[in-house]
Amino acid sequence: MLTVTKVEKCPHCGGTDIVKNGFTPHGNQRIYCKACEKSPVLHRKKVGLSQKELSRAFLERLSLRGISRVFAVSYYYVFKQLNLKCVLLADFKTQIKACKSGEEMLEFDELCSFCGCKKNKQWLWAALCRRTRQIVGYVIGDRSEATFRRLLRKIPVEYLKGASFSDHWKSYRMLLSKGNHTQVGKESGQTNHIERWNATLRARITRYVRKSLSFSRNLKYHHLVTKLFIVHYNRDCGNMNLVP
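Just so you know, we're using my numbering here: the sequence shown kicks off at 927 and counts up by one.
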């Protein structure tokens, strides 16, 4: 019977005079090389978690540390990969379907969240196209009229030519002068789609959930995570033929 003996070598100097030197926190074997006096990791385990799997897990209400526990990977690895995924995202406007000028109907609403502490409220303003169900514009800021003006500048001009609906918040009054905007109550049903989108956002992104221990600590990543969700949501809606 033949026995094959594999001689391990130091990754740094190639020396064979090595001994075991414990394990890393992630279970990788650490060695000590007597020649170069370094302690490299031997046969580092490859992480079997792609960016696609990471983004799908994150969009199903798992927090960063929750993903780290479920997939048995480092929290810093998850943070690094999510950051890279968000930075490489395309502009959400590239996924918006072509507008039927004058025929589209928009629904406006704002959603409250916070960053760091509950006193630092961050309002997500969104405009949803009733025909395509896509988000055609969004901003994050306070609940002032200036933030709503920023939202209007983000929406393609063609979408603003049709009818629109919102609740009775005072910032929406500036649209009344155009004659195609109506402020309504929830009982009217004219803002049902945007209200339903709010519920979907809270169900998918844990940092938007009310009374949750998971919340944004950095405003930059609060914006990136919101963009990640909207890009994926618009892409899914773009692949569906809801209304011919």
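Backbone N, C-alpha and C define an ideal beta-carbon position, used for all residues, glycine too. If you're wondering where the values come from, they're calculated on a predicted model, not measured in any experiment.
Check: For Lys960, three-class secondary structure by DSSP; Outcome: coil
Check: Residue(s) in a DSSP beta bridge with Ile944; Outcome: Cys959
Check: Counted within 10 angstroms of its Cβ, other Cβ atoms place Phe1155 as buried (16 or more) or exposed; Outcome: buried
Check: Stretch-stretch touch, CB-based, cutoff 8 Å, three pairs: the stretch 1088-1101 with the stretch 1062-1075; Outcome: yes
Check: Assigned exposure category for Val1169 - 16 Cβ within 10 Å defines buried; Outcome: Note on Val1169: pLDDT 46, under 50, position unreliable in the model; no value is reported.
Check: Alpha-carbon spacing of Pro937 relative to Thr950, whole angstroms; Outcome: 16 Å
Check: Buried versus exposed, by CB contacts within 10 Å (16 or more), Lys932; Outcome: exposed
Check: Option nearest Lys1026 by Cα separation, candidates Leu985, Leu1086, Ser1039; Outcome: Leu1086
Check: Integer Cβ distance of Arg1059 from His1119, believed to fall under 8 Å; Outcome: 6 Å
Check: Sheet register partners of Gly1105 (DSSP bridge); Outcome: Beta-bridge pairing links Gly1105 to no other residue.
Check: Validate contact between the stretch 1055-1070 and the stretch 1003-1015 using beta carbons, cut 8 Å, 3 pairs; Outcome: no
Check: Close beta carbons around Gln1021, own chain, < 6 Å, minus the five adjacent residues each side; Outcome: Asn1160, Arg1161, Gly1164
Check: Inter-residue Cα distance where the pair is Lys935 and Gly948; Outcome: 16 Å
Check: Bridge partner(s) assigned by DSSP for Gly1067; Outcome: Trp1049
Check: Cβ neighbour criterion (16 or more within 10 Å) applied to Leu1139; Outcome: exposed
Check: Burial state of Gly953, where buried means 16 or more other Cβ atoms lie within 10 Å; Outcome: exposed
Check: Segment limits, beta strand (DSSP E) that includes Cys936; Outcome: First-last for Cys936: undefined, no H or E at that position.
Check: Three-state secondary structure (DSSP) of Val996; Outcome: helix
Check: Rounded C-alpha distance that separates Lys1153 from Gln1007; Outcome: 16 Å
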